[in-house]
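Report on one structure; see the data block that follows.
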Amino acid sequence: MENCQSYVKFLRALASEERLAILEDLETNGEINASKVENKFFMEQSTASHHLNVLYKAGIIEPRKNGRNIFYRLNKDSLQSFYGDFLTALEQKQTAKVQEKKEA
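Numbered according to full-length UniProt numbering, the sequence shown spans residues 1 to 104.
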């Protein structure tokens, strides 16, 4: 898989119960800011910011600035693209393995 590092980054971002809960909330409510994450999930400010930053750097969420506040929402285009590309890469790798076995 040529984008192995980006897949790892994306999947690691999802490998957290807290981040999955944030994503579930975003799916339900549309947007959230860091202070809502702190209050809703009983986190320190630094922890909430860390989780949002990990999700942002992986391309899973995108920011919208409103004055001094930053609101985050799901980056649905990125999510759809990732899953499509990831599944295609896995299928191609599996097909190549099957072909190698046939030729051997």
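Cβ atoms here follow ideal geometry from the backbone N, Cα and C, with glycine treated the same way.
Under the three-state DSSP convention, the category residue 62 falls into:
strand
Per-residue burial, residue 22 [other beta carbons within 10 Å of its own, 16 or more giving buried]
buried
Considering Cα atoms alone, identify which of 87, 67, 99, 61 is closest to residue 76.
Residue 61 is the option with its Cα nearest to residue 76.
Would you list the residues sitting across from residue 71 in a DSSP beta bridge?
In the DSSP assignment, residue 71 is bridged to 33, 64.
Residue 19 beta carbon less than 8 Å from that of residue 51
yes
Compare the Cα-Cα distances from residue 80 to each of 59, 66, 4 and report the closest residue.
59
Endpoints, alpha helix (DSSP H) assigned at residue 48:
45-57
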